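Visitor:
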Amino acid sequence: MCVRAGMPFLRAASLSFFILAAGCSAGPETSTAPSDVIGGVSTTDFPDVGQITSGCTATLIHPRAMLTASHCCQRETSCKKVKIGGRTIGTTATNHPDFVVAPEGGITPSVDVSILVLDERVDDIAPRRLAVTPPATGRPIVFVGFGCSAFGGAGYGTKRTGTNEIDFFGANVDGADQARFAHTFGWNSKPLASLDGGTPNDDANICPGDSGGPTFWQEDGKPVLAGVHTLVGPTFGYSCQVSENRAWIDSQLAKLEPVRD
Numbered sequence: 005m006c007v008r009a010g011m012p013f014l015r016a017a018s019l020s021f022f023i024l025a026a027g028c029s030a031g032p033e034t035s036t037a038p039s040d041v042i043g044g045v046s047t048t049d050f051p052d053v054g055q056i057t058s059g060c061t062a063t064l065i066h067p068r069a070m071l072t073a074s075h076c077c078q079r080e081t082s083c084k085k086v087k088i089g090g091r092t093i094g095t096t097a098t099n100h101p102d103f104v105v106a107p108e109g110g111i112t113p114s115v116d117v118s119i120l121v122l123d124e125r126v127d128d129i130a131p132r133r134l135a136v137t138p139p140a141t142g143r144p145i146v147f148v149g150f151g152c153s154a155f156g157g158a159g160y161g162t163k164r165t166g167t168n169e170i171d172f173f174g175a176n177v178d179g180a181d182q183a184r185f186a187h188t189f190g191w192n193s194k195p196l197a198s199l200d201g202g203t204p205n206d207d208a209n210i211c212p213g214d215s216g217g218p219t220f221w222q223e224d225g226k227p228v229l230a231g232v233h234t235l236v237g238p239t240f241g242y243s244c245q246v247s248e249n250r251a252w253i254d255s256q257l258a259k260l261e262p263v264r265d
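Offset between the sequence shown (1-based) and the numbering used here: plus 4.
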């Protein structure tokens, strides 16, 4: 993960701090740009994972739609174009109606999902299937993103992937924040500022710029989109749970033309 000057910190009742995994933008902005995978490796796989030109990562889930994080698309100028399959395509973002940003900068990570409707179809890349099973502690997960790969924002803009496993759930957060995090799952990983060793383990983590990107796990032997990168802390990260937001996601996809056989 990376941390740049001006990146907002989100405080929670029982957690030291959070960073929007959105991106490595320079400047004191309330919404940050995308992030990279820390401890990951560069990859040419995952053609369905694209980069939003204003920052963040997104995943193709329909020939005319991609899934990303609502906090990536707060501004009028954000989420207007995405790079996927070697071309840049215009997009229109629709954030989850329950997603809010508090005056102090805190967000609602449990509904941190946004649908990007593409100006043109992408028929040469298979859309990613959405998860149907719930998360479980110890379940292996895979991250993909275009975010930073080191402290200070180095490595932004390269697609990377890394692995970890589910360690905890948003429902474990104490106090008033429990409802905000209810439909999220998280993991432990090496510290944000370190790529060599670290605690509590040496698995990969997301980083600013990875926001909106996919957390995959296996269903029927194939990787499915199970989470959307939302927040990261000094030694942990969170994804918004896709299966808990399927009703809203499916309602948005139903507005589009059917997928061709």
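The beta carbon of each residue, even a glycine, is placed where N, CA and C say it ideally should be.
Please read all numbers here as calculations on a predicted model, not as lab measurements.
Going by the beta-carbon positions, is the gap between K163 and F147 smaller than 8 Å?
Guide: No, the pair does not count as a contact, with Cβ atoms beyond the cut-off.
Visitor: Can you give me the C-alpha to C-alpha distance between T96 and S114, rounded to a whole angstrom?
Guide: Taking the straight line joining both Cα atoms gives about 22 Å.
Visitor: Go to I253, then tell me how far its alpha helix (DSSP H) extends in each direction, as first and last residue.
Guide: That run of the alpha helix (DSSP H) goes 250-257.
Visitor: Going by DSSP in three states, H187 sits in which element: helix, strand or coil?
Guide: Three-state result, H187: coil.
Visitor: May I ask you to verify whether the segment 249-264 touches the segment 209-226, counting CB pairs closer than 8 Å and requiring at least 3?
Guide: Judged by Cβ distances under 8 Å, the segment 249-264 makes no contact with the segment 209-226, as fewer than three pairs qualify.
Visitor: Starting from the C-beta of A251, find all residues in its chain whose C-beta is less than 7 Å away, skip the five residues before and the five after it, and write them out in chain order.
Guide: The answer is none, since no qualifying residue turns up.
Visitor: Near S243, which residues of its chain fall below 7 Å by C-beta distance, leaving aside the five closest residues on each side in sequence?
Guide: T188, F189, T219, G231, V232, H233, T234, listed in sequence order.
Visitor: In terms of residues, what are the limits of the beta strand (DSSP E) holding H233?
Guide: H233 -> beta strand (DSSP E) spans 226-236.
Visitor: Three or more C-beta pairs under 8 Å: does that hold for the segment 117-135 against the segment 70-87?
Guide: Contact holds: three or more Cβ-Cβ distances are below 8 Å.
Visitor: CB-CB under 6 Å to W221, same chain, minus the five flanking residues each way: which ones, in chain order?
Guide: Excluding residues within five positions, the ones whose Cβ falls inside 6 Å are R143, I145, A230.
Visitor: For T63, which option in R133, H100, H75, A175 has the closest C-alpha, if you only look at C-alpha atoms?
Guide: Comparing Cα positions, the closest option is R133.
Visitor: Roughly how many angstroms separate the alpha carbons of G54 and P67, rounded to a whole number?
Guide: Going by the C-alpha atoms only, they are around 13 Å apart.
Visitor: How many angstroms separate the CA atom of D52 from the CA atom of A175?
Guide: So the alpha carbons of these two residues sit roughly 30 Å apart.
Visitor: Are the beta-carbon atoms belonging to S58 and T81 less than 8 Å from one another?
Guide: Yes; because the gap between Cβ atoms is below 8 Å, this pair is in contact.
Visitor: Exposed or buried, A258, counting other C-beta atoms within 10 Å across all chains shown (16 or more means buried)?
Guide: Looking at its Cβ environment, which holds fewer than 16 other Cβ atoms inside 10 Å, A258 is exposed.
Visitor: Under the rule that 16 or more other beta-carbon atoms within 10 Å means buried, what is E248, buried or exposed?
Guide: Flag for E248 reads buried.
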